Amino acid sequence: LALGERDFLRFLGLDAAPPPRQPQPVPRVLQKIAREREAAADAGLARAPCTVAELGAPGDALRALPDRGFLLPSDSCLQRLLSFNLSAIPDREQPTAAELGLDLGPSTYEELGPALELVVSLVPQPGLRAGPPRGRGRAVAEQSVPRPHGVLRVRLQGALQHAARRQWSRLGLLLDVQVVEDGEPGRHRHPRALCARLRRTLRATLLVATLDPARCRHPARPRR
Amino acid sequence: AVPAAPQAASRSLCHRHQLFISFRDLGWHKWIIAPKGFMANYCQGECPLSVAAYLNSSNYAFMQALMQVVDPTVSPAVCVPTKLSPISMLYQDNGDNVILRHYEDMVVDECGCG
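Structure follows, in C-alpha cells:
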C-alpha cells in the first residue's frame with residue numbers, strides 16, 4: 088500500500104504529501120457541510136452529481152482559502168486588505184462559485200448593535216509586501232449588518248471570475264467597515280469597543296467551488 | 032433453456048465483501064481530516080452460467096458465461112460492482128488549505144456479474 092501512496096495523492100489532486108506541520112483548523116462552514124453530507128450518505132439520500140449544492144454551483148470540490156492579508160491604518164472602524172492565494176487551485180480546475188465568510192464574532196446583550204456597513208472592493212493584483220493598496224477599486228459587495236454577530240456570507244462570483252480571467256495568483260479585496268449609529272446612514276462614529284474587538288477577532292475565509300472537467304464531464308445545471 | 036437457479040448461495044459465488052479502509056492504518060490521517068476511513072467493500076466470486084442470469088447481472092454477462100461454456104478460451108463473466116455510492120473527503124493540501132472533495136462511485140453497495 089505504501090507504493091500506492093503517490094497514486095492516491097495524485098487521485099486527491101496533490102503532487103506530494105503535505106508536510107507534517109501543525110494541522111490546519113477546519114473552517115466551521117466546511118465542518119458543517121462535511122457532517123451534513125456524511126449524514127445524507129448514511130441515510131442513503133442521493134446527491135446531484137458534480138454539484139456543490141451548498142453554493143448552488145456545478146463542481147466537485149470546495150476549498151476554504153485562509154486570508155493572508157493585514158489590517159490597514161484607517162479612519163474607519165476597520166479596514167483590512169484581504170488576500171487569498173488562488174494558486175492553490177490547480178489549472179485543470181475551473182472556479183464556479185465563491186463566497187466570502189466574515190466571522191464577526193459572538194453576540195452578547197452588551198454588544199447588540201450598533202449596525203455596520205460593509206463594503207468589499209476589488210484590489211488589482213495585490214502583493215503581500217507591496218504595502219497598502221492605492222485607493223479603493225471597484226466595489227463588489229455592499230451590505231448593511233443591523234446586528235453584527237456570527238458569520239456574514241458575501242457572494243463574490245464576479246470578483247473571482249475577474250481574477251481568473253486575468254490569471255491573477257491572488258485575489259485581493261479591500262474590506263471597509265463603518266459603524267452606523269442609530270441606524271442612520273451617514274452618521275458614522277467609532278464605538279471603540281466594537282471596532283477594537285472586530286480588529287482583533289475578525290476572521291475571513293474564501294470558499295471556492297471548483298469543477299474538474301476530467302472528473303465531471305456532465306455537471307448538473309445549477310438550480311435557479 | 033434457462034439454467035436452474037442455484038439452490039443455495041455458495042460462498043464462492045459473486046458477492047460483496049466488506050472492506051473498511053482506515054486512513055490511520057495507512058498513515059494517511061496526517062492529511063485526511065475526515066472521514067477516518069470508509070467502507071470501500073469489493074466484489075469477488077465466480078459467475079458461472081448457472082447463476083449469471085440471477086446475480087444482479089447484465090444480459091451480456093449471461094451471454095459471456097454461455098460462450099465460455101461453449102468455448103473455454105473465452106474469459107468468464109466477472110464479478111463487478113453494480114451499484115456504487117459517493118463519499119466526501121475533507122483534507123489538507125500543501126498550501127494549508129482545507130478542501131472538501133466529492134468522489135462519485137467510491138463505495139461498493141452491490142455486486143453482480145458483468
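Those protein sequences? They're chains A and B, same order as listed. First residue of the first sequence? That's 88 in the numbering used here, and the numbers climb one at a time after it. First residue of the second sequence? That's 32 in the numbering used here, and the numbers climb one at a time after it. The beta carbon of each residue, even a glycine, is placed where N, CA and C say it ideally should be. Every value quoted in this text rests on a predicted model; they were computed, and no experiment measured them.
- The C-alpha of Ser88 (chain B) lies about 25 Å from the C-alpha of Pro136 (chain A).
- With contacts defined by Cβ atoms closer than 8 Å, Pro235 (chain A) and Leu169 (chain A) do not form a contacting pair.
- A straight-line Cα-Cα distance of about 44 Å links Pro145 (chain A) and Leu97 (chain B).
- Residue nearest to Val267 (chain A) within the set A:Thr138, A:Pro201 and A:Val113 is A:Pro201 (criterion: CA-CA distance).
- Only buried fits Ala148 (chain A), as 16 or more other CB atoms lie within 10 angstroms of its CB.
- For the region 113 to 125 of chain A, the beta-carbon criterion of a distance under 9 Å to any beta-carbon of chain B is satisfied by Val113, Pro114, Leu117, Gln118, Ile120, Ala121, Arg122, Arg124 and Glu125.
- Ile120 (chain A): not part of any beta strand (DSSP E); member of the alpha helix (DSSP H) spanning Arg115 to Asp129, first to last residue.
- Against Leu152 (chain A), the close residues of chain B are Asn128, in the order they occur along the chain (beta-carbon pairs closer than 8 Å).
- The distance from the Cβ of Glu204 (chain A) to that of Arg242 (chain A) is about 18 Å, inconsistent with a contact at the 8 Å cut-off.
- Counting only residues of its own chain and dropping the five nearest sequence neighbours on each side, Pro107 (chain B) has a CB closer than 8 Å to the CB of Glu77, Cys78, Pro79, Gln95, Ala96 and Gln99.
- For Cys303 (chain A), there is no enclosing alpha helix (DSSP H), since its DSSP letter is neither H nor E.
- For Ser53 (chain B), no Cβ of chain A is located within less than 8 Å of the residue's own Cβ.
- Within chain B, the residues Pro117 and His133 have their CB atoms less than 8 Å from the CB of Arg134 (chain A), given in chain order.
- The CB of Gln111 (chain A) comes closer than 7 Å to the CB of Gln123, Asp127 and Val129 in chain B, given here in chain order.
- Exclusion of the five residues before and after Arg225 (chain A) leaves Ser208 and Leu209 as the residues of its chain whose Cβ lies within less than 7 Å of its Cβ.
- Scanning chain B for C-beta atoms nearer than 7 Å to the C-beta of Ala103 (chain A) yields Asn125, reported in chain order.
- Cβ neighbours of Leu115 (chain B) within its own chain (closer than 8 Å, five residues either side excluded): Glu135, Asp136, Met137, Val138, Val139 and Asp140.
- Distance check between Val116 (chain A) and each of A:Ala301, A:Leu293 and A:Pro300 places A:Leu293 closest, using alpha-carbon atoms only.
- The alpha-carbon of Asn128 (chain B) is positioned some 6 Å away from that of Ala151 (chain A).
- For Gln248 (chain A), the three-state secondary structure derived from DSSP is helix.
- Contact with chain B is found for Asp147 (chain A), since one of that chain's Cβ atoms lies less than 8 Å from the residue's Cβ.
- DSSP places Cys164 (chain A) in the coil class of the three-state scheme, outside both helix and strand.
- In this structure, the alpha-carbon of Ala140 (chain A) lies about 15 Å from that of Ile118 (chain B).
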